[in-house]
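In the numbering used here, the protein residues as written are 42 to 196.
Note sheet for the following structure.
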């Protein structure tokens, strides 16, 4: 199964969302790797490409493609998290091109999430995401601060 990754598209058709089921992951993987590689600075500290593949193949993560005709605009990596009081769809990585156009398909993802018992969606990423998602009902709820402890020594 061939898919094409395009730097943008001129189609008049609205972008569509597709969930990649584990049974076809192997056929699609080589086609989506470039979209993961393009933004690896955002995920490589947490996992490798092999880890991502395995977590999708075992159903721990979901891989979504936002497509315009036969062109992949965006790859989206998500996970479902069940807390005692709420079920959350968390976006772990979004990468690709023509983000503004691809966001038209976000309604489809939210509808799938709601049908799956999700009552909350979370996106984390660069500051620019706040501006892009605010008009879609998302709001800043917190700030994530990190510190690398690998060089920490005991006194």
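Cβ atoms here follow ideal geometry from the backbone N, Cα and C, with glycine treated the same way.
Tell me the DSSP secondary structure of residue i in three-state form.
i, result
"residue 173", "helix"
"residue 151", "helix"
"residue 161", "strand"
"residue 156", "helix"
"residue 180", "coil"
"residue 167", "coil"
"residue 109", "strand"
"residue 58", "strand"
State buried or exposed for residue i, treating a residue as buried only when at least 16 other CB atoms are found within 10 Å of its CB.
i, result
"residue 64", "exposed"
"residue 244", "In this structure the chain extends from 42 to 196, so residue 244 is not present and cannot be described."
"residue 146", "buried"
"residue 113", "buried"
"residue 130", "buried"
"residue 69", "buried"
"residue 136", "buried"
"residue 132", "buried"
"residue 125", "exposed"
"residue 75", "exposed"
"residue 143", "buried"
At the 9 Å Cβ level, is residue i part of the contact set with chain D, yes or no?
i, result
"residue 123", "Although the question refers to chain D, the structure presented lacks it and comprises just one protein chain."
Quick one: measure Cβ to Cβ for residue i and residue j, integer angstroms, because I've assumed they're closer than 8 Å.
i, j, result
"residue 164", "residue 108", "That pair is no contact at about 20 Å."
"residue 117", "residue 105", "4 Å"
Mind pulling the alpha helix (DSSP H) runs of 4 or more residues that sit fully within the stretch 112–149?
140–143
Could you tell me which whole beta strand (DSSP E) segments of length 3 or greater appear in the stretch 61–107?
none
With three or more C-beta pairs closer than 8 Å as the rule, is the stretch 142–156 touching the stretch 84–98?
no
Pairs of beta-carbons, one from the stretch 119–128 and one from the stretch 169–181, closer than 8 Å: are there three or more?
no
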